[in-house]
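Have a look at the structure below before the remarks.
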Amino acid sequence: MAARSYSPTMVALSLLLLVTFSNVAEAYTRSGTLRPSDCKPRCTYRCSATSHKKPCMFFCQKCCAKCLCVPPGTYGNKQVCPCYNSWKTKEGGPKCP
């Protein structure tokens, strides 16, 4: 059996496609996969550690409705939800808790 020879262009193209599809798959599984009905329970947990529950719930649900994503945990981890993380107030602060 003879060994196949692959051109450098074909190898580069294959690697580029692999990286592109893996990034798309990662983004799909991480953010934007919630149903609107999932927002309230996720936000209830997200806001469970704050003393400002009412405004936290209001903004969390607003952000979840737009982004269909709530970061895990009660604080931080916003990099998991790019839309949630990038939505800012007029002053430039984070809009989503």
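Reading the sequence shown from the start, the letters are residues -27 to -1, 1 to 70 in mature numbering (1 follows the signal peptide of the UniProt record, and there is no 0).
Glycine included, each C-beta is placed from N, C-alpha and C at the ideal position.
Keep in mind the model is a prediction, meaning the values are calculated, not measured.
Asked, Found
"Gly46 to Cys37 span [Cα, whole Å]", "14 Å"
"Same chain only: Cβ atoms within 7 Å of Lys63, ignoring 5 sequence neighbours per side", "none"
"The region 30 to 44 / the region 4 to 14 touching (three or more Cβ pairs under 8 Å)", "yes"
"Bridge partner(s) assigned by DSSP for Pro9", "BP columns for Pro9 are empty, so no partner."
"Same chain, Cβ closer than 6 Å to Arg15, five either side skipped, listed in chain order", "Val43"
"Reference Trp60, options Val53, Lys68, Cys54, closest by Cα", "Lys68"
"Cα-Cα separation, residue 71 to His25", "The displayed coordinates of the chain run from -27 to 70. Any statement about residue 71 would go beyond what the structure contains."
"Backbone CA spacing between Lys27 and Val53 [nearest angstrom]", "24 Å"
"Burial state of Tyr(-22) (16 or more Cβ within 10 Å)", "exposed"
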